[in-house]
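Asker: Below you will find the structure I want to go over with you.
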Amino acid sequence: MAQENTLTLEPSGQKMPLVGLGTWRITNDQGEEMIYKAIKNGYRLIDTALLYDNQEGVGKGIRRAIDEGIVKREDIFVTAKLWNCYHHKSHVRPQFERDLKLLGLDYIDLYHIHWPIPQKYVDPSRQYPPEWVDPDSKKLELERSPLQDLWRELESLVKDGKLRNIGISNFNVQLTLDLLTYCDIKPAVLQIELHPYLQRQQVVTWFQKQGIQVTAYSQFGPEAFDKFTAENMHLVPLLEHETIKKIADKHNKTTGQVLLRWQVQRKVAVIPKSSNDQRQKQNLDLFSWSLDDQDCKAIADMDKNIRYNELELYGIDLPLYD
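Under the UniProt record's numbering, the first residue of the sequence shown carries the number 1, and numbering increases by one thereafter.
As structure tokens, then:
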């Protein structure tokens with residue numbers, strides 16, 4: 001029996017596609033055509049964020065597909081993310097409204113807290129989109145903005161009908177345990193770095209048992225990063241790894257398809273980025289075939305607990321994962 005190609009989110013009951021299109025490092029100019037083409041090719045989940053500085057182009061691509069009758073708004077699942085300097089309760093709703101306006105949409109399907117890091121507020125007139133460091137001090141500046149207050153504001157957006165689901169990104173189990181003690185609407189999705197070098201199966205299983213679905217970013221490992229830490233720079237790129245190549249040859253698939261199939265087979269959603277027409281279609285072709293036990297064991301043996309998206313790459317001295 002073929003695997004379902006969606007995940008059901010709690011508590012909304014909304015279906016989220018297991019395969020979406022990531023947009024990190026896509027410009028506004030590229031965004032419209034890339035998103036429009038992806039929707040024509042069958043994509044129904046689009047993942048973006050303020051930090052990517054492309055929401056206007058992404059929104060144009062979505063609206064173009066809707067205007068041409070290719071899809072209806074309810075057919076498309078749109079994910080956006082709240083940046084760190086808008087964690088104070090007084091800034092959450094205004095920033096959400098700015099995201100809506102940039103996307104040109106009436107509601108957002110899933111809104112992640114991008115990082116559990118409350119940065120000092122940066123007024124949009126000063127810098128937009130903001131970055132990791134304060135524009136004045138040129139370093140990471142934190143502020144006292146409780147997560148509980150932030151969460152209440154996100155819940156109010158759900159109750160107002162402007163937001164369908166609340167997500168968390170780069171959160172750990174400890175922080176989520178605390179969140180679950182006071183939230184009225186629990187997080188629907190956790191988005192974290194996951195790939196064969198960083199499998200985190202125990203973490204994935206724990207969140208799934210809480211009814212929180214998991215999305216992987218950087219599912220191809222180092223492909224999206226220009227800089228590496230001394231710990232991970234020596235590793236073979238996953239798309240070129242002999243184990244992955246052998247499995248791909250065995251199934252007559254690409255190495256990229258194997259890496260994506262491994263994720264969706266453990267019920268983890270994926271958001272690979274591609275502007276290439278053929279590769280977009282290949283990345284959707286994950287549900288008519290499966291990896292066998294031998295394949296899964298070989299990939300499991302590749303785990304090294306190595307992370308690529310380390311904050312030190314951005315010049316940030318914050319041991320977030322410890």
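Beta carbons: idealized from backbone N, C-alpha and C, even for Gly.
Could you tell me how far apart the beta carbons of residue 260 and residue 235 are, in whole angstroms, since I believe they sit closer than 8 Å?
Answerer: That pair is no contact at about 19 Å.
Asker: Go to residue 297, then tell me how far its alpha helix (DSSP H) extends in each direction, as first and last residue.
Answerer: Here the alpha helix (DSSP H) through residue 297 covers 293–300.
Asker: Does the Cβ-Cβ distance between residue 58 and residue 110 come in under 8 Å?
Answerer: Taking 8 Å as the Cβ cut-off, residue 58 and residue 110 do not qualify as a contacting pair.
Asker: Alpha carbon to alpha carbon, how far is residue 52 from residue 25? Give it in angstroms, no decimals.
Answerer: Answer to the nearest angstrom: the Cα atoms are 6 Å apart.
Asker: Which residue spans inside the region 220–257 form an unbroken alpha helix (DSSP H) run of at least 4?
Answerer: Taking only runs of at least 4 residues, the alpha helix (DSSP H) segments lying wholly in the region 220–257 are 242–251.
Asker: State yes or no: is the C-beta of residue 78 within less than 8 Å of the C-beta of residue 46?
Answerer: Yes, the Cβ-Cβ distance between residue 78 and residue 46 is below 8 Å.
Asker: Since residue 60 is in the beta strand (DSSP E), which residue starts that stretch and which ends it?
Answerer: Premise fails: residue 60 lies in the alpha helix (DSSP H), 55–67, not in any beta strand (DSSP E).
Asker: So, at 6 Å on beta carbons, what are the nonlocal neighbours of residue 163 in its own chain, with the 5 sequence-adjacent residues on each side left out?
Answerer: The answer, listed in chain order, is 108, 111, 157.
Asker: Which value, in whole angstroms, describes the spacing of the CA atoms of residue 139 and residue 317?
Answerer: Residue 139 and residue 317: Cα-Cα distance of roughly 10 Å.
Asker: Residue 278: buried (16+ other C-beta within 10 angstroms of its C-beta) or exposed?
Answerer: Looking at its Cβ environment, which holds fewer than 16 other Cβ atoms inside 10 Å, residue 278 is exposed.
Asker: Rounded to whole angstroms, how far is the Cβ of residue 80 from the Cβ of residue 99, which I believe are closer than 8 Å?
Answerer: Right, their Cβ atoms sit about 5 Å apart.
Asker: Assuming residue 165 and residue 21 are in contact, meaning their beta carbons sit under 8 Å apart, how far apart are those beta carbons, in whole angstroms?
Answerer: That belief does not hold up - the Cβ atoms of residue 165 and residue 21 are roughly 18 Å apart, past 8 Å.
Asker: Our contact map puts residue 41 next to residue 281 with C-beta atoms below 8 Å; I'd like the distance itself, whole angstroms only.
Answerer: Indeed they touch by this definition, with Cβ atoms about 6 Å apart.
Asker: Please specify which runs of the alpha helix (DSSP H), each continuous and at least 4 residues long, are wholly inside the region 166–206, giving them in chain order.
Answerer: If we require 4 residues or more, the alpha helix (DSSP H) runs fully inside the region 166–206 come out as 173–182.
Asker: Rounded to the nearest angstrom, how far is the Cβ of residue 219 from that of residue 272, given a contact under 8 Å?
Answerer: Right, their Cβ atoms sit about 6 Å apart.
Asker: Report yes if the C-beta distance between residue 268 and residue 215 is below 8 Å; otherwise report no.
Answerer: A contact, by the Cβ cut-off of 8 Å.
Asker: In chain order, what residues of the same chain have a beta carbon less than 7 Å from the beta carbon of residue 161, not counting five sequence neighbours either side?
Answerer: Within the same chain, residue 161 has close Cβ partners 107.
Asker: Which parts of the region 61–105 are runs of the alpha helix (DSSP H), unbroken and 4 residues or longer, counting only runs that do not cross its ends?
Answerer: Those alpha helix (DSSP H) runs which fall completely within the region 61–105 and span 4+ residues are 89–103.
Asker: Nearest-angstrom Cα distance between residue 130 and residue 121?
Answerer: Going by the C-alpha atoms only, they are around 9 Å apart.
Asker: To the nearest angstrom, report how far apart residue 208 and residue 178 are at their CA atoms.
Answerer: About 17 Å.
Asker: Along the chain, where does the beta strand (DSSP E) that runs through residue 15 open and close?
Answerer: It spans 15–17 - the beta strand (DSSP E) in which residue 15 sits, taken as one unbroken run.
Asker: Taking residue 245 as the reference, give the member of 194, 255, 87 with the closest Cα.
Answerer: Residue 245 has its Cα closest to that of 255, out of 194, 255, 87.
Asker: Return the chain-ordered list of same chain residues with a C-beta closer than 7 Å to the C-beta of residue 73, the five sequence neighbours on each side being excluded.
Answerer: 66.
Asker: Within 10 Å of its beta-carbon, does residue 248 have 16 or more other beta-carbons around it, so buried, or fewer, so exposed?
Answerer: When all chains shown are included, residue 248 counts as buried.
Asker: Among residues of its own chain, excluding the 5 on either side of residue 155, which ones have a beta-carbon nearer than 6 Å to its beta-carbon?
Answerer: Cβ within range, chain order: 184, 185.
Asker: Going by other Cβ atoms of all chains shown within 10 Å of its Cβ, with 16 needed for buried, is residue 308 buried or exposed?
Answerer: Per the 10 Å Cβ criterion, buried.
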